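All remarks here apply to the structure that follows.
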Amino acid sequence: MSKYATIYGYIGLASRITHRNFEVVNAHNLQQLQDLPDTDVFPYLSRDMFGLSEGRLVSTFFSILHFGASIKNLDHEDIPEFLPKFEGFLKRLVWIEAKMHLDIEIDGLYVYSWSALQHAIEVSRSSLTETSPVTEWDFKANENDAYFKIFSA
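Listed below in C-alpha cells is the structure:
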C-alpha cells in the first residue's frame, strides 16, 4: 500500500519595508527560485512546488514564497534527507522566516520553523547593490519529533 505525504508552508522573503535594496534582493531570490530543478531525485524539491505572492496588497511586511506538494512514499525516514535539501535552498535566499508542515499519512504531522538570526538579516539589509543570503538561523521542530535533536543541534 502506498502512503502519501503533504508538504506545505512558506518562506518570508525580503520586502520594500524590510530591505532598502529590495529590487536587488528580489531579483536575486527570483533567480534562486528559477535555478531550482524542474525535476529532482527523491525526496523531491523542485521549482513547481513553489509560488510567489508579491502583489502590493498581499506583501505588507514580507513577500511570501509559498510551497506545497503531495509526494508518494515519503515517510519519516526521508526527513533527514529532505530537510537539508530544503535548508540548502534557504541558504541561497535572502529571507526572514520559514515554516513547513510535513503531514505524513501514517506517521503524523511534523512542523518545522526557521527564523533568520538578527545579525544575518542586518547584513542582508546593509548594501544597496549586493545581496547577502541568510545562512544562519534558529530552527525549531515538534519536541516529539524523532529527528528534533538531529536538526536543532
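Residue numbering for the sequence shown follows this note's numbering, starting at 1 and increasing by one per position. Beta carbons are placed, not taken as given, at the ideal position from N, Cα and C, and that holds for glycine. Being a predicted model, the structure only gives us computed values, none of them experimental.
Distance between residue 85 and residue 117 (C-alpha atoms, nearest Å): Roughly 20 angstroms separates the two Cα atoms.
Residue burial classification, residue 106 (beta-carbon count within 10 angstroms, cutoff 16): Exposed, by the Cβ-count rule.
Assigned secondary structure, residue 40 (DSSP; H/G/I helix, E/B strand, else coil): In this structure, residue 40 counts as coil in the three-state DSSP scheme.
Per-residue DSSP class, three states only, for residue 19: Residue 19 falls in the coil class under three-state DSSP.
Contact check, residue 13 vs residue 62, beta carbons under 7 angstroms: Yes, Cβ-Cβ distance for residue 13 and residue 62 is below 7 angstroms.
CB contact flag (residue 134, residue 25, <7 angstroms): Going by C-beta atoms, residue 134 is not nearer than 7 angstroms to residue 25.
Strand pairing of residue 141, partner residues [DSSP]: Residue pairing by DSSP puts residue 141 in a beta bridge opposite 112.
N- and C-terminal bounds of the beta strand (DSSP E) containing residue 67: According to the DSSP assignment, residue 67 belongs to the beta strand (DSSP E) that extends over 64–72.
Residue 90: first and last residue of the uninterrupted alpha helix (DSSP H) it sits in: Unbroken alpha helix (DSSP H) run through residue 90: 79–90.
Within 7 angstroms, strictly: CB atoms of residue 120 and residue 130: Between residue 120 and residue 130, the C-beta spacing is not below 7 angstroms.
Where the beta strand (DSSP E) containing residue 99 begins and where it ends: Start and end: 95–104.
Terminal residues of the beta strand (DSSP E) in which residue 45 lies: In the DSSP annotation of this structure, residue 45 is not part of any beta strand (DSSP E), being labelled neither H nor E.
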